[in-house]
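In our numbering, the protein residues as written are 8 to 162.
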């Protein structure tokens, strides 16, 4: 899949250089950088923050190693969770189409006093590899709507 223009010109959305050797030592299972994507929030509320329906594009990277899952949008870390973490089961993954990976979760699982659905959509040719790798480390098959219902069942 074609890399984003921001990645091509400025390397925005690249795996951070300082982090790359660490990830390589951990054993990269699947990785892609310069991925076009969307960050979608649905009814997200937190201290001093409220996003009813927000959608913004990004250039980012997603890496799954034998020890953790890492996601950066531009140069900002969005996800960094250990593979053995029990919260990994809060992730819902799906493939809306062959080259799109959807990764969603309920924000209250990761941040106290927050609630609402956060969804990342990644446009990558490795979508199936990412989905399979995420499912093998504990993520569930499902959509953003399923992420909210999983939390309701847990309460």
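A virtual CB, placed ideally from N, CA and C, is assigned to each residue, including glycine.
Everything numeric in this text was worked out from a predicted model, so none of it was measured.
Between the Cα of residue i and the Cα atoms of the options, which residue gives the shortest distance?
i: residue 84; options: 59, 21, 62, 92; result: 21
i: residue 14; options: 24, 40, 110; result: 40
i: residue 94; options: 144, 19, 64, 26; result: 144
i: residue 107; options: 25, 23, 36, 45; result: 45
i: residue 89; options: 28, 132, 117, 153; result: 117
i: residue 59; options: 125, 19, 66, 49; result: 49
i: residue 36; options: 135, 153, 152; result: 135
i: residue 141; options: 28, 98, 12; result: 98
i: residue 105; options: 12, 133, 38; result: 133
i: residue 114; options: 81, 82, 47; result: 47
Exposed or buried, which one is residue i when buried takes at least 16 other CB atoms within 10 Å?
i: residue 17; result: exposed
i: residue 56; result: exposed
i: residue 63; result: exposed
i: residue 152; result: exposed
i: residue 19; result: buried
If residue i sits next to residue j, beta carbons under 8 Å apart, how far is it from one beta carbon to the other, in whole angstroms?
i: residue 100; j: residue 87; result: About 17 Å; that fails the 8 Å criterion.
i: residue 51; j: residue 149; result: Contact flag wrong, Cβ pair sits at about 19 Å.
i: residue 120; j: residue 53; result: 6 Å
i: residue 147; j: residue 96; result: 6 Å
i: residue 111; j: residue 126; result: 4 Å
i: residue 65; j: residue 23; result: Not quite, the Cβ-Cβ distance comes to about 15 Å (not below 8 Å), so this is no contact.
i: residue 11; j: residue 43; result: 5 Å
Using DSSP's beta-bridge definition, name the partner residues of residue i.
i: residue 44; result: 65, 129
i: residue 113; result: 124
i: residue 32; result: According to DSSP, residue 32 bridges with nothing at all.
i: residue 87; result: 77
i: residue 108; result: 129
i: residue 71; result: 37, 76
**Item:** At least three beta-carbon pairs within less than 8 Å, the stretch 26–40 to the stretch 72–88
**Value:** Judged by Cβ distances under 8 Å, the stretch 26–40 makes contact with the stretch 72–88, as three or more pairs qualify.
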